[in-house]
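Heads up: the structure comes next, in structure tokens.
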Amino acid sequence: MKFLFVFIILILVGCNEKEYVKNETSFFVMDTYVNIRIYNEDKDEVILEEIEELFNYYHCLTDRYDSCKGVINVYDVNNMDEEYLEIDEELAFLIDYGRQFYDQTDGRLNIMMGDLIDFWKERILADDFIPQKEELLEFTYQDIELLENKISQGVNLDLGSLAKGYAVKKAGELLEKEGYEKYIINAGGQVLVGESYREDAYRIGIKHPIEDGNLLIVNGEGVNVSTSGGYERFFEMEGQRFHHIINPKTLFPADYFLSVSVITEDSLLADALTTALFVMSLEEGKKLLSQYDAEAVWYTKDYQLVRSEGFSQYE
Amino acid sequence: MNKYDFGMVFLLILFISFFYFSFNNVNSENAVIKYNGEVIKTIELGKEETRYFEVEGDLGLVVIEVKDYQARVVEETSPLNICSNMGWRNDIIVCLPNRVVIEMVADDAVDTIVR
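These protein sequence lines map, in sequence, to chains F and S.
Heads up: the first sequence runs through residues 0 to 314, numbered per numbering that gives the first Met the number 0.
Heads up: the second sequence runs through residues 0 to 114, numbered per numbering that gives the first Met the number 0.
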């Protein structure tokens with residue numbers, strides 16, 4: 000009997016994986032449904048509210064359609080009367096990051112074409128006609144002049160390819176700083192996971208762009224998985240799909256892949272890279288990717304999965 | 000009965016409840032309907048007859064049809080009708096302009112989905 004007693008104690012100890020409370024919240028921000036899960040020993044509502052506030056702030060800071068109380072934002076920059084405007088340090092950082100990525104990608108990632116994006120978004124909403132190339136050629140852009148947080152007049156910013164990644168990155172940093180290590184931040188096309196709350200890593204499904212279910216499943220901890228595809232917001236015309244990710248070189252929606260996903264530690268880099276890779280050929284993309292500590296998977300128009308060299312470590 | 004017998008009975012109860020609670024959740028095939036991040040309704044998915052649920056979204060009524068462990072949006076007002084065009088799903092349906100979400104956690108295969 001004594002033996003059995005000890006035996007069962009041992010089994011119980013073995014089974015007794017630490018239990019975590021799942022603190023969860025969801026909200027709509029940045030045109031996205033955001034879901035946050037924090038695994039902690041106790042119930043904790045305060046941190047969830049802090050994270051939601053953080054997302055709201057970055058939405059406000061990067062909003063193109065409205066000014067933001069208390070801080071100069073993208074709308075103010077795009078509509079300024081002054082010759083120069085002194086902007087917030089974080090906004091300056093984001094603009095500078097985007098400008099550098101423009102050079103890195105030979106202009107494929109262009110944060111200076113706000114009007115063109117608006118034009119296409121309206122087309123998608125109206126669901127009516129395919130624009131002529133000549134019409135699109137009217138959309139030119141002015142390069143950014145940014146010095147010591149002062150930005151020049153005449154730019155037409157759209158930080159849509161960076162804002163969400165930046166907010167997710169900042170949310171992760173806030174959690175880590177406050178001592179929360181086990182979390183999942185899901186902002187639609189951007190998922191950042193911390194340490195796992197159980198023995199194995201988190202399993203993250205990458206949505207299939209044209210079928211039900213997942214294209215593939217990746218495993219990871221402390222990584223950001225992001226995906227770009229033209230499958231959620233689009234209109235169909237003459238058998239073609241027109242979506243919202245525009246190739247600045249052609250001025251038309253990018254037509255290289257069905258979806259591209261990137262895995263890397265930095266959510267901001269992930270966001271920028273996945274958009275850039277979506278609007279360039281596989282060859283160019285592989286070259287760009289090789290400069291970063293990041294992996295990618297491309298899903299081509301003929302339904303092939305192309306993985307970067309180190310991608311399999313996540314499978 | 001000695002002290003080990005008492006211990007045994009106690010442990011057995013612990014043991015059984017442990018397994019009961021840990022495995023009871025695995026097959027909870029529910030759909031959660033949310034508006035603006037708040038849970039409006041939790042419905043049990045099943046093989047039974049077709050059921051309909053209505054949620055008030057930002058742009059009007061969102062009508063959800065549930066059948067055979069799946070759900071779809073059959074009626075909604077929105078510019079692109081993305082969520083009604085998604086058809087039958089067993090993962091997640093997001094009606095962004097209406098702020099209505101239907102989350103189905105049918106299995107434990109993944110923790111989250113990047114989309």
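Even glycine gets a Cβ: it sits at the ideal position worked out from N, Cα and C.
query, result
"Where residue 27 of chain F meets chain S, residues with beta-carbon distance less than 8 Å", "35, 36, 95 and 98"
"Residue 31 of chain F vs residue 186 of chain F beta-carbon contact at 7 Å", "yes"
"Helix, strand or coil at residue 87 of chain S according to DSSP, with G and I counted as helix", "coil"
"Neighbourhood of residue 47 of chain F by C-beta distance below 8 Å, restricted to the same chain and skipping five residues each side", "22, 23, 24, 35 and 37"
"Run of the beta strand (DSSP E) containing residue 66 of chain S, from where it starts to where it stops", "60–66"
"Span separating the alpha-carbon of residue 310 of chain F from that of residue 70 of chain S", "34 Å"
"Residue 72 of chain F vs residue 62 of chain F beta-carbon contact at 7 Å", "yes"
"Span of the beta strand (DSSP E) around residue 25 of chain F", "20–28"
"Continuous beta strand (DSSP E) stretch holding residue 52 of chain S: start and end", "50–55"
"Neighbour flag for residue 205 of chain F against chain S, beta carbons, 7 Å", "yes"
"Check whether residue 269 of chain F and residue 223 of chain F have beta carbons under 7 Å apart", "yes"
"Cross-strand partners of residue 189 of chain F (DSSP beta bridge)", "F:225"
"Residue 219 of chain F vs residue 213 of chain F beta-carbon contact at 7 Å", "no"
"Residue(s) in a DSSP beta bridge with residue 81 of chain S", "DSSP lists no partner for residue 81 of chain S."
"Interface residues of chain F facing residue 170 of chain S [CB-CB closer than 8 Å]", "The structure shown does not extend to residue 170 of chain S, since chain S is modelled only from 0 to 114, so the question has no answer here."
"Terminal residues of the alpha helix (DSSP H) in which residue 162 of chain F lies", "162–176"
"Residue 267 of chain F classed as buried or exposed, judged by whether at least 16 other C-beta atoms fall within 10 angstroms", "buried"
"Residue range of the unbroken beta strand (DSSP E) whose run includes residue 71 of chain S", "69–74"
"Any chain F beta carbon closer than 7 Å to residue 71 of chain S", "no"
"Contacting residues, own chain, Cβ-Cβ under 6 Å from residue 191 of chain F (five flanking each side not counted)", "167, 171, 184, 223 and 266"
"Through-space distance from residue 240 of chain F to residue 249 of chain F, alpha-carbon basis", "15 Å"
"Contact list for the region 51–67 of chain F against chain S, Cβ threshold 9 Å", "51"
"Neighbour list for residue 44 of chain S in chain F, Cβ cutoff strictly below 8 Å", "Correct list: empty, because the minimum Cβ distance to chain F is about 15 Å."
"Beta-carbon proximity of residue 193 of chain F to residue 155 of chain F, cut-off 7 Å", "no"
"Distance, residue 76 of chain S Cα to residue 129 of chain S Cα", "The structure shown does not extend to residue 129 of chain S, since chain S is modelled only from 0 to 114, so the question has no answer here."
"Beta-bridge pairing of residue 294 of chain F - partner residues as DSSP gives them", "F:262"
"Listed by chain order, chain S residues near residue 213 of chain F by CB distance under 9 Å", "90, 108, 109 and 112"
"Neighbour list for residue 58 of chain S in chain F, Cβ cutoff strictly below 9 Å", "Within 9 Å Cβ-Cβ: nothing; residue 58 of chain S doesn't reach chain F, min ~13 Å."
"Separation of residue 177 of chain F from residue 286 of chain F, as counted between CA atoms", "38 Å"
"Near the ligand MN: residue 265 of chain F beta-carbon under 6 Å from a heavy atom", "By its list of ligands, the structure shown contains no ligand whatsoever, and the ligand MN lies outside what it can speak to."
"Per-residue contacts from residue 43 of chain F into chain S (C-beta, under 7 Å)", "Those do not exist, as residue 43 of chain F stays about 17 Å from chain S at its closest Cβ, beyond 7 Å."
"Status (buried if at least 16 other CB within 10 Å, exposed otherwise) for residue 234 of chain F", "buried"
"Residue 88 of chain F burial status per 10 Å Cβ neighbour count (16 or more: buried)", "exposed"
"Between the CA atoms of residue 86 of chain F and residue 29 of chain F - distance to the nearest angstrom", "21 Å"
"The region 219–230 of chain F: positions lying closer than 7 Å to chain S by Cβ", "224, 225 and 226"
"Counted within 10 angstroms of its Cβ, other Cβ atoms place residue 103 of chain S as buried (16 or more) or exposed", "buried"
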